[in-house]
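Add 104 to a position in the sequence shown, counting from 1, and you land on the number used in the working numbering. Ideal Cβ placement from N, Cα and C applies to all residues, glycine included.
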Amino acid sequence: MKVAYVQALGGASGDMLIASLIDAGLKMQFLEEIVDILHVKGITFKESKAQRNGVSGTHVDVILDSEAERSRRWQDFVSIVEESTLSSNVKEMSRKVFSLIGEAESKVHGSDIEHVHLHELGTLDTLVDVVGVMVGLEMLGIEKLFCSSLPTGSGTVNTAHGRLMVPAPATEKILAMTSAPFHAPPTHMPSTGEMLTPTGAAILGSVAEFQAPVMTIETVGHGLGTRDPDSYPNALSLTVGKLGEEKVFADLKLLETNLDDSTGEIIGYVQQTLIAKAGVRDVWTTPISMKKNRPAIMLSVLIESGVEAETASLILKETSSLGIRTRPVDRIIAERSIEELDLAIGTCSVKIKSIEGKPISVSPEFDDCKNIAEQVGIPVIEVMKIVQSEADKRFLDR
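In structure tokens, the structure reads:
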């Protein structure tokens, strides 16, 4: 599996992420092609090689004319993307980011999300930043993005709302909504100003997993911010490479609690609610026997580090639990990828498991099989047999 890891050395912004993709091997022409695909005007780009506090990399300046600087609603961005010929994956991920920005701004201003005004986040450079990152990741073949903890900065920042404390309110809301881990600079450092922008937080909070993978490196790109402060390198790095067939991921937590007087309806509801939360990897139950020979259920929740308090609070509020056990865990995972099969009966995704780069098993995506069965009018088990047979032939040479 091809992956990338963002190390937010000096923060993160949309243009820094774009610049890191170019520094990692993309040509700036891809941004101009995106502008054409989106049918927007008044945007030009300037690429330069530079240094920020000793870190060499690429800086990209997005230049807007007066029309491109006109503020738009987040729904306008979604409409522009949906009406384009971009891939379905780019559309979906871009829509997710814009919705997050819109929701964060509505919470900050206490207004309806349908009528929220984005101010400086509503200019076309935000559109290009978000779509550009999604297209760039797709062009590099990156299947999964990982990221370090995000430095927010310190001091104040000038905005359309005046001078605000760092992190800006929209950035704070996005961090809270995505459970993205963050940290402030050391107290002995001079005031840094804004290191993490709302756009940077929204992009990474929407698409990245906040943990460090064990990987082999193919290339590294450095994206530079505009300022060049003395106290830190205003840059982020994008490391592109591959996971091996068995890789260990640390920084996960397992939360467990024993329940002997919560109903099946409540436990089912809690499972469904937990699995939909950001940072929750898996939820399961195990039948157990407690004191006085009482049959009970052990609820187990595997989560990313940083969402323990929120997850535990939900469990304690919604169940009869009086306490929750926690412990750190590691995972060993096999290399995996997802491919699409175009068959006479329809298109179905299949998950491929590989060892040392060689596929050893293929599993049809059940939801795709179910949709095909409903459309074609044959039993879902027959669809799964057809997909499994074709997948075995194509990917396993069977």
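Could you work out which residue in Arg429, Ala312, Cys452 is closest to alanine 108 when comparing CA atoms only?
Ala312
What are the partner residues of alanine 312, as DSSP defines its beta bridges?
Leu249
Excluding the 5 residues preceding and the 5 following glycine 383 in the sequence, name in chain order all residues of the same chain whose CB lies nearer than 6 Å to its CB.
Ser283, Ile407, Glu408, Val411
Cβ of aspartate 365 within 7 Å of Cβ of serine 424?
yes
Length of the line joining the Cα atoms of aspartate 165 and glutamate 151:
6 Å
Among Asp434, Ala416, Val433, which one has its Cα closest to the Cα of leucine 426?
Ala416
According to DSSP, which residues form a beta bridge with proline 432?
Lys357
To the nearest angstrom, how far is the alpha carbon of leucine 418 from that of tyrosine 373?
11 Å
In chain order, what residues of the same chain lie with their CB nearer than 8 Å to the CB of isoleucine 515, ignoring the 5 residues before and after it?
An answer regarding residue 515 cannot be provided, because it is not within the stretch 105 to 502 covered by the chain.
Determine the direct distance from the alpha carbon of isoleucine 490 to that of isoleucine 205, and round the result to whole angstroms.
42 Å
Pairing CB atoms from the segment 317-330 with CB atoms from the segment 119-132, are three or more of them under 8 Å?
yes
Are the CB atoms of leucine 342 and valine 110 within a distance shorter than 7 Å?
yes
Where does the unbroken alpha helix (DSSP H) through leucine 113 begin, and where does it stop?
From DSSP, leucine 113 is part of no alpha helix (DSSP H); its letter is neither H nor E.
Using three-state DSSP, classify glycine 257 as helix, strand or coil.
strand
If you measure between the beta carbons of aspartate 229 and leucine 168, is that distance less than 7 Å?
yes
Identify whether proline 290 lies in helix, strand or coil by the three-state DSSP scheme.
coil
With three or more C-beta pairs closer than 8 Å as the rule, is the segment 247-258 touching the segment 267-276?
yes
Does the contact criterion of 3 or more C-beta pairs under 8 Å hold for the segment 110-121 versus the segment 291-307?
yes
Locate the beta strand (DSSP E) running through glycine 325, then write down its first and last residues.
320-328
On the three-state DSSP scale, how would you describe serine 192?
helix
Quick check on serine 203: does DSSP put it in helix, strand or coil?
helix
Which listed residue (Ile459, Ser203, Ile449) has its alpha carbon closest to that of phenylalanine 181
Ser203
For glutamate 369 and alanine 495, I'd like the C-alpha separation in whole angstroms.
38 Å
What residue range does the beta strand (DSSP E) around proline 93 cover?
Residue 93 cannot be examined here, being either before or after the span of the chain that is shown, 105 to 502.
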